[in-house]
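Structure, as structure tokens:
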Amino acid sequence: MPETPTYPIGSVINGNRDAICAAYDRFHSQPIDLEFLNNGNYPYSLYRTTLGGVDSCSGPGTFQGAKRSTLTFGPSQTPGWWIDRTDLPEQFPIGVSVRNVWTTARNIVLRSGNPHNYLRMVEHIIAFRLGLGLDDVMVSVGSGDPPLFDHGNYDIYETIQRTGIVETKTPVSFVTVREPVTFGGTRGDFLTFLPAKPGDKNLHVDCAIDFKSAIGRQRIRYDLSPEVFRTGSEARTNAPYSQFLYTRTIGKLFADTRNLGYTTRNILIHGRKKYYNEPKMIVNGRSFEAVWHRSTLDLLAAVSLLDARLAGTIVSYRAGHTQDVQMCSALALHNYLVPHE
Numbered sequence: 117m118p119e120t121p122t123y124p125i126g127s128v129i130n131g132n133r134d135a136i137c138a139a140y141d142r143f144h145s146q147p148i149d150l151e152f153l154n155n156g157n158y159p160y161s162l163y164r165t166t167l168g169g170v171d172s173c174s175g176p177g178t179f180q181g182a183k184r185s186t187l188t189f190g191p192s193q194t195p196g197w198w199i200d201r202t203d204l205p206e207q208f209p210i211g212v213s214v215r216n217v218w219t220t221a222r223n224i225v226l227r228s229g230n231p232h233n234y235l236r237m238v239e240h241i242i243a244f245r246l247g248l249g250l251d252d253v254m255v256s257v258g259s260g261d262p263p264l265f266d267h268g269n270y271d272i273y274e275t276i277q278r279t280g281i282v283e284t285k286t287p288v289s290f291v292t293v294r295e296p297v298t299f300g301g302t303r304g305d306f307l308t309f310l311p312a313k314p315g316d317k318n319l320h321v322d323c324a325i326d327f328k329s330a331i332g333r334q335r336i337r338y339d340l341s342p343e344v345f346r347t348g349s350e351a352r353t354n355a356p357y358s359q360f361l362y363t364r365t366i367g368k369l370f371a372d373t374r375n376l377g378y379t380t381r382n383i384l385i386h387g388r389k390k391y392y393n394e395p396k397m398i399v400n401g402r403s404f405e406a407v408w409h410r411s412t413l414d415l416l417a418a419v420s421l422l423d424a425r426l427a428g429t430i431v432s433y434r435a436g437h438t439q440d441v442q443m444c445s446a447l448a449l450h451n452y453l454v455p456h457e
């Protein structure tokens, strides 16, 4: 069993400190199930990277499952990640930034300019920015509806590998938090960001989830690397069986769910005591697909909304999209981020 570290509570920028202390106790009592550490070596390029070509991947639409949706990835001459709605040629590309978050109610939606110039559920796409150390990318899409895949978002990983990742001549900029910072929620959840040690450019993640279902309690600790992220990219999003059943029955009556493209192949469906389809990422008889998805494709997506690569430690317990994005927005808005050498 890996040695379980302890973490300090930082300056509380949201939430009740007593509730956060209680959540910390529950988090620290939860054993680490999976651990992947890299012995201090920074596994990414120290120069900004972009793509060496253009390639695409397609799947049924997330919110219009009867229609196909295609993502095309290519290099960007402008620094950062950009989303180009090719069906709206009069609109500027959407910058991937906390400044352009429209809503996080069910998923992260980015929007810029015209209200129609948006992309839903961007989290599983933009997480590749930080996960692969990929700095300058143009993502083109023909609607506001991204595709769903049967293998998590491994299709995107394969697409990027086909284009190749190339270095530029511009050094990477790093930031870290100037002090420990904690953001508490209302469900016994919290996020804590801790400063990087001098000279350490790694991002260390310790993430725990606790579901009252077959998923149960899961915890993963890792130093972010391309190999770790490649594994996480295969993890599907999850939904309770009651939600899946709703989309197949009375949910057909409502516009926001009638065309939802969830199937037994592209999501993990869980009930109180069992899974309703085949879980993946099995270790010692248990599926850790849910914590892989949460710690990579969800959590790293919010951090990818920052303008520079983040170094330091992130501790996440039972948090979700809204809390992730609010935390990153608060760090940027209130000058908690400082350059890191």
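Mapping to this note's numbering: the sequence shown position 21 is 137, numbers consecutive.
By construction, the Cβ of each residue, glycine as well, lies at the ideal position given by its N, Cα and C atoms.
The segment 231-249 and the segment 178-187 touch, with three or more beta-carbon pairs separated by less than 8 Å. Rounded to the nearest whole angstrom, the CA to CA distance from G428 to V321 is 9 Å. Taking every protein chain shown into account, the CB of K389 has fewer than 16 other CB atoms within 10 angstroms, so this residue is exposed. Boundaries of the alpha helix (DSSP H) around F360: Y357 to R364.
Within the model, the alpha-carbon separation for Y234 versus Q180 is close to 15 Å. One Cα belongs to S161, the other to R337, and the distance between them is close to 22 Å. Going by C-alpha positions, L307 is about 33 Å away from P191. P176 and I125 have their alpha carbons spaced roughly 43 Å apart.
Within its own chain, the residues whose Cβ lies closer than 8 Å to the Cβ of T122, once the five positions on either side in sequence are excluded, are H144, listed in chain order. In the DSSP assignment, the residues bridged to I325 are Q334. Sequence-distant partners of Y357 (beyond 5 residues in either direction) whose C-beta falls short of 6 Å from its own C-beta, in its chain, are I385, G387 and Y392. By the Cβ test, the segment 290-306 is in contact with the segment 127-137, since at least three Cβ pairs between them sit closer than 8 Å. Taking 8 Å as the cut-off, the Cβ atoms of A355 and I383 count as close. Taking a C-beta distance under 8 Å as the contact criterion, L153 and D339 qualify as a contact pair. If you check the CB distance, G348 and L421 do not come in under 8 Å.
Here the segment 163-176 makes contact with the segment 277-290; the two share three or more CB pairs at distances below 8 Å.
Linking V288 to A424 through their CA atoms gives a straight-line distance of about 8 Å. Between A406 and Q359, the C-beta spacing is not below 8 Å. The beta carbon of T292 sits closer than 6 Å to those of P311, A312, A427, G428 and H456, all from its chain and outside the five residues before and after it, given in chain order. Within the model, the alpha-carbon separation for P395 versus W408 is close to 12 Å. I199 is a Cβ neighbour of V212, given a cutoff of 8 Å. In the assembly as shown, K328 is an exposed residue. Its beta-carbon has fewer than 16 other beta-carbons within 10 Å. Boundaries of the beta strand (DSSP E) around M254: V253 to V257. At a Cβ-Cβ threshold of 8 Å, I276 and L246 do not count as neighbours.
By the beta-carbon neighbour count (other beta carbons within 10 angstroms, threshold 16), K368 is exposed. For P342, no beta strand (DSSP E) run applies; the uninterrupted alpha helix (DSSP H) run containing it begins and ends at P342 to G348, by DSSP.
In the three-state reduction of the DSSP assignment, L369 falls in the helix class.
Assigned with DSSP and collapsed to three states, H386 falls in strand. Taking a contact as a CB-CB distance under 8 Å, the pair T363 and P262 does not count as one, their CB atoms being some 17 Å apart. If you check the CB distance, R201 and N216 do not come in under 8 Å. The Cβ atoms of L264 and G377 lie closer than 8 Å to each other. Rounded to whole angstroms, the gap between the alpha carbons of R434 and K285 is 40 Å.
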